[in-house]
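*Asks:* The structure follows.
As C-alpha cells, this is what we get:
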C-alpha cells in the first residue's frame, strides 16, 4: 500500500523508510551502519549505500519508529534525516551532492595553498641546493592548518570509528599523516634537518582532491534522475470558472481541467477531454517518434506537446504520477544492492584492521629485522597506511548499478534494482506470453463459418451478445465486428466465464456455449466433421471459437492477432545472445506453431491454462535460470515464479509492481537490450572489483618496500597517497564508461 505523504511504503505492519545519511567517508562506514540498524529490534532489513548516501530500512513501525532509526545512526556519529519520495526530495538530494562537491573543492584549494609551498620548500629546494633559513619551521607552519583544519574530518571519523570499536579509511589517513607530522616535529625539536611535513600536507591534499573528483563523478552517475527531474514542469494553466489560471503543479487536484499549448510540457498525468496533438514521450518511454493523441487518450506528465493545443483532466497527482513513480523506481534501484556486493562488504569489514597490522609489521621488519633507520621504517609504514583504499571496493558495485539503471531508464527500460541486474545476466531460458507480448493483443475477426441454417449475421449477433460482458481480447474483437456491421445486440443472462475454455450464456430463450475445442468436449459436442476446416484456419495462425446450443454446433468464428513488427527481430537478437526462447499460450498447437514460424521461435508451450503458466516456468527452472516476459496482468503468477519477470507496459499503465524489469515501450527489442545492459553492467562491476583488489594486493606490498632490496626504490608516501586518491576516481570513471555503450 502507498501511504499518503509519499515518504515510505507499508507492507502489512512493515514500513519501508528511506533516510539520507551524512558523514560517511568510505564503504566501512556503510557496513558499520548496516550492522547497527540490522541489530535493532523490529528491523527486518537494512541497507546503507555509500555511493548514494542513503539508508533503506524495512521495519515494524509498532516496534521501532523513524526517529529511533535516526537516533541509531546519530549515535554512531553520523547524520540522518527522513527522505520524502518524489521530485522535491530528489532536488534536495541533488543540492546535497552539489554542496558536497563545493565543500571538497573549497578544502582542496585551501589545502593546496599551504601544501604546495611546503612541498617546494621540503622537496624541491634541497635538491637544487637552495637553503632558506628556518625552512623546517616554515614547513611546520605551512603543514599545520592542512593537518588540523583540512584534515579535521579524518580525526573526527577516526574518533567515531574508535567509539564504535572499529576502524575505517579515516583511521588509515589520520594515523599515516599524524605519524609523518609528529615524527617531523620530533626531528625539528631534536635539531635534525630531515623532516616530512610536506609528506603529511601533500597526502591530505591528494585525499581531498580524490574526494572532490569522486563527488563530481558520483554526481554524474545519477544524471538520468536529474534529467527526469528536469522534465517536471513547475506551473500549469488550469481552467477555473471559464478562465485560464496559472497555478503551481503542487496545487493541482484530480479532476482539474488543464490547457496545454504547442511547445509546452504536459504538467501532470491525465486524459484528453478536448483537442488533439502529437507528443514527444521519448524521455519517459525512450520512444523517439512523437505519439498521436486524441480525445480519450492518456497523457503523461513531463512529455512535450509538439503541435496542437488540447485540454485534459488530471487523473493522478503528487507521488502517484507516472514520472514520480519512474523516478521512485530508479531511485530505489540505484540505492539497492546486488548480491555480488556481499563480497565487497565482507572484504571491507576486515580490510582496515588488516592494513593496520601490515603497517605495524612493515615498521617492525625494517627497523628491528633489517636494521634500517627509524625514519625509513616510519615512511614505509606510512606509505602502507595511505596507499590502502577500501573506498574503491565499496564504490565498485553501487556506481555501476547507478549508471546501468540510469542508462536503462533513458531507453524506457526500468530495472528495479541490483538483484534484477545481476539475475538478468545469468538467464539461460526466456519465455514469452503470446497475446499482447509477441502479438499486438488486438485481434480482428477474419472468418465467420455457418453450420446449419443460421446466417453469418445471426452467428455474429449471438456470439457478440454473449461476449459483450467478457474482458478477453478475442471478445472485444467480436463485439467490435458486430458494431462495424451495425448489428444490435441482445443482453445475455446466466453469463458464465470459464477460464481457459470460453463462455456460456442465455440469449433470448436459448442457452449457448462459445469457446475452444476443450469447451466443446466438455459440452460433449462432436466436432470431428469440421476438424479439417478448423485445422486449416489454425495453420494460418488464427484462433477458432466454436458456437453451440444444446448438442448442436452452430458455427465458428476465427480471429487473428497480428504479430508485432519488432517480435522476429527481438527473437533473433536473443538467439544471438545465446538464449533459448519459448512461447507460452492458451491457443492450440497449430495456431501457436503458425505464430512461432513467423517469429523464429522453435519451442512452444500450447493449450496452457492461465493458472498453469507458472508451473511451466517451474519445470524449465530445473534446467537453468528463466525469464518470463508478459503484460503484467494475467501473467502475474508466471512473472513472480520466474527468476526474472519482465513486464511489458505502455506509458501510464506501467506494471510497476509486477516485473523485476518494466519495459515502457511495447517493443520486444527492449528485452535483448535489457539482457545486454545487464551483461555490460555486471562486466563493469567485475572489472571494478578486480582493479580495486588488484590495486590493493599489488600496492600494499610495494608501499611496504618489497622492491627495495632488489631495486633500491621505496615508494614515497606522497605517491602512495595520490594513487589511493585516484583509485576511487578510476572505479567511478570506469562505471561512467557504461553511459557510452550502445544497447
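In my numbering, the protein residues as written are -6 to 736. Think of the CB as a built atom: it goes at the ideal place given N, C-alpha and C, for glycine as much as any other residue.
(1) With 16 other CB atoms within 10 Å as the buried threshold, where does residue 163 fall?
(2) Going by the DSSP bridge assignment, what does residue 240 pair with across the sheet?
(3) Go through its chain and collect everything with a Cβ distance to residue 71's Cβ below 8 Å, but skip five positions before and after it.
(4) What does DSSP give as the partner residue(s) for residue 504 in the beta ladder?
(5) CA-CA distance, residue 112 and residue 697?
(6) Under DSSP, the beta strand (DSSP E) around residue 129 begins and ends at which residues?
(7) Work out the CA separation of residue 403 and residue 275 for me, nearest whole Å.
(8) At 4 residues or longer, and completely inside the region 574 to 654: list those alpha helix (DSSP H) runs for me, N to C.
(9) Is it buried or exposed, residue 505, if we count other Cβ atoms within 10 angstroms and call 16 or more buried?
(10) Buried or exposed, going by whether 16 or more other CB atoms sit within 10 Å of the CB of residue 258?
(11) Applying the 10 Å Cβ sphere with the 16-neighbour rule, what's the burial state of residue 730?
(12) Thinking C-beta only, is residue 225 closer than 9 Å to residue 24?
(13) I think residue 193 touches residue 179, with their Cβ atoms under 8 Å apart; what is that distance to the nearest whole Å?
(14) By a C-beta neighbour count over all protein chains shown, 10 Å radius and 16 as the cutoff for buried, is residue 683 buried or exposed?
(15) I'd like to know if the region 548 to 565 and the region 403 to 417 are in contact, where contact means that at least 3 CB-CB pairs between them fall below 8 Å.
(16) Excluding the 5 residues preceding and the 5 following residue 97 in the sequence, name in chain order all residues of the same chain whose CB lies nearer than 7 Å to its CB.
(17) Whose C-alpha, out of 114, 143, 713, is nearest the C-alpha of residue 691?
(18) For residue 509, tell me which candidate among 546, 474, 477 has the shortest Cα-Cα distance.
(19) Taking DSSP as the reference, what is the three-state secondary structure of residue 487?
(20) Count the other CB atoms, across all protein chains shown, that sit within 10 Å of the CB of residue 335; report buried if there are 16 or more and exposed otherwise.
(21) Residue 144 and residue 160 - do their beta-carbons sit closer together than 9 Å?
(22) For residue 520, name the three-state secondary structure that DSSP assigns.
(23) Start and end of the alpha helix (DSSP H) containing residue 568?
(24) The beta strand (DSSP E) that contains residue 314, what's its start and end?
(25) Can you tell me which of the three DSSP states residue 181 falls into?
(26) Based on DSSP bridge pairs, tell me the residues matched to residue 425.
(27) Please return the same chain residues whose Cβ sits closer than 7 Å to the Cβ of residue 369, not counting the five positions on each side in sequence.
(28) Alpha helix (DSSP H) containing residue 549: first to last residue?
(29) Excluding the five sequence neighbours on either side, which residues of its own chain have a C-beta within less than 7 Å of the C-beta of residue 645, listed in chain order?
(30) Between which two residues does the alpha helix (DSSP H) harbouring residue 672 extend?
(31) What are the boundary residues of the alpha helix (DSSP H) that includes residue 717?
(32) Helix, strand or coil for residue 293, going by three-state DSSP, please let me know.
(33) Helix, strand or coil for residue 364, going by three-state DSSP, please let me know.
(34) Run through the DSSP bridge pairs and tell me what residue 48 is partnered with.
(35) Of all the options 47, 710, 695, which has the alpha carbon lying nearest to the alpha carbon of residue 703?
(36) Evaluate residue 739 with the Cβ neighbour count: other Cβ atoms within 10 Å of its Cβ, from every protein chain shown; 16 or more gives buried, anything less gives exposed.
*Replies:* Taking the coordinates as given:
(1) Counting from one through the chain shown, the residue named residue 163 turns up at place 170. Residue 163 comes out buried.
(2) Taking the first residue of the chain shown as 1, we reach residue 240 at position 247. Per the DSSP secondary-structure output, residue 240 pairs in a beta bridge with 229.
(3) For the purposes of this step, residue 71 is taken as the residue at position 78 of the chain shown. Excluding sequence neighbours, residue 71 sits near 14, 15, 16, 17, 22, 26, 153.
(4) Position 511 of the chain shown, counted from the start, is the residue given in the question as residue 504. Note: residue 504 sits in a beta bridge opposite 499.
(5) Within the chain shown, numbered from 1, the residue matching residue 112 stands at position 119. Within the chain shown, numbered from 1, the residue matching residue 697 stands at position 704. Approximately 23 Å, taken between the alpha carbons.
(6) Here residue 129 corresponds to residue number 136 of the chain shown, with the count starting at 1. Not the beta strand (DSSP E): residue 129 falls in the alpha helix (DSSP H), residues 128 to 138.
(7) One-based indexing of the chain shown puts residue 275 at position 282. One-based indexing of the chain shown puts residue 403 at position 410. Rounded to the nearest whole angstrom, the CA to CA distance from residue 275 to residue 403 is 8 Å.
(8) Segments of the alpha helix (DSSP H) lying fully in the region 574 to 654: 582 to 592, 606 to 614, 629 to 634.
(9) Within the chain shown, numbered from 1, the residue matching residue 505 stands at position 512. Around the beta carbon of residue 505, 16 or more other beta carbons sit within 10 angstroms, so the residue counts as buried.
(10) Along the chain shown, read from residue 1 onward, the residue named residue 258 stands at position 265. By the 10 Å Cβ count, residue 258 comes out buried.
(11) As a working note, residue 730 is residue 737 in the chain shown. The residue in question, residue 730, is exposed, as its Cβ has fewer than 16 Cβ neighbours within 10 Å.
(12) Taking the first residue of the chain shown as position 1, residue 24 is located at position 31. Taking the first residue of the chain shown as position 1, residue 225 is located at position 232. No, the pair does not count as a contact, with Cβ atoms beyond the cut-off.
(13) The sequence position of residue 193 within the chain shown is 200, counting from 1. The sequence position of residue 179 within the chain shown is 186, counting from 1. Not a contact, Cβ separation roughly 13 Å.
(14) If you number the chain shown from 1, residue 683 lands on position 690. Note on residue 683: under 16 other CB atoms within 10 angstroms of its CB, so exposed under the neighbour-count rule.
(15) No, the region 548 to 565 does not touch the region 403 to 417.
(16) By 1-based counting over the chain shown, the position of residue 97 is 104. Within the same chain, and ignoring the five residues on either side of residue 97 in sequence, the residues whose Cβ sits closer than 7 Å to its Cβ are 201, 204, 205, 208.
(17) Locating residue 691 in the chain shown gives position 698, where the first residue counts as 1. Residue 713 is the option with its Cα nearest to residue 691.
(18) Taking the first residue of the chain shown as position 1, residue 509 is located at position 516. Per the Cα distances, 546.
(19) One-based indexing of the chain shown puts residue 487 at position 494. Residue state, collapsed to three classes: strand.
(20) Here residue 335 corresponds to residue number 342 of the chain shown, with the count starting at 1. Under this definition residue 335 is an exposed residue.
(21) Numbered from its first residue, the chain shown carries residue 160 at position 167. Numbered from its first residue, the chain shown carries residue 144 at position 151. Their beta carbons are not under 9 Å apart, which means residue 160 does not touch residue 144 by this criterion.
(22) For the purposes of this step, residue 520 is taken as residue 527 along the chain shown, with counting starting at 1. Reduced to three states, the DSSP call for residue 520 is coil.
(23) For the purposes of this step, residue 568 is taken as residue 575 along the chain shown, with counting starting at 1. Looking at the DSSP string, the run of the alpha helix (DSSP H) that includes residue 568 is 560 to 569.
(24) Taking the chain shown and counting its residues from 1, one reaches residue 314 at position 321. Looking at the DSSP string, residue 314 is not in any beta strand (DSSP E), and its letter there is neither H nor E.
(25) Here residue 181 is taken as the residue at index 188 of the chain shown, counted from 1. Annotated three-state conformation of residue 181 is helix, per DSSP.
(26) Along the chain shown, one-based indexing puts residue 425 at 432. Answer is 576, 622, bridged to residue 425.
(27) Stepping through the chain shown from its first residue, residue 369 is reached at position 376. 359.
(28) As a first step, residue 549 is located in the chain shown; it is residue number 556 there, counting from the start. Here residue 549 belongs to no alpha helix (DSSP H); instead the beta strand (DSSP E) covers 545 to 553.
(29) The count along the chain shown starts at 1 and reaches residue 645 at position 652. In this predicted model, residue 645 has a pLDDT of only 37, less than 50, meaning its place in the structure is not dependable; the value taken from the coordinates is given anyway. Non-local C-beta neighbours of residue 645 in its own chain, meaning closer than 7 Å and more than five positions away in sequence, comprise 262, 291, 293, 315, ordered along the chain.
(30) Indexing the chain shown from 1 puts residue 672 at position 679. Run containing residue 672: 663 to 697, per the alpha helix (DSSP H) assignment.
(31) Within the chain shown, numbered from 1, the residue matching residue 717 stands at position 724. Note, residue 717: alpha helix (DSSP H), 710 to 729.
(32) As a first step, residue 293 must be located in the chain shown, where it is residue number 300. Coil, per DSSP.
(33) Residue 364 sits at position 371 when you count from the first residue of the chain shown. Of the three classes helix, strand and coil, the one that applies to residue 364 here is coil, per DSSP.
(34) Against the chain shown, residue 48 aligns to sequence position 55. Under DSSP, residue 48 forms a beta bridge with 12, 41.
(35) By one-based count along the chain shown, residue 703 stands at place 710. Comparing Cα-Cα distances from residue 703 to each of 47, 710, 695, the minimum goes to 695.
(36) With the chain covering only -6 through 736, there is no way to say anything about residue 739.
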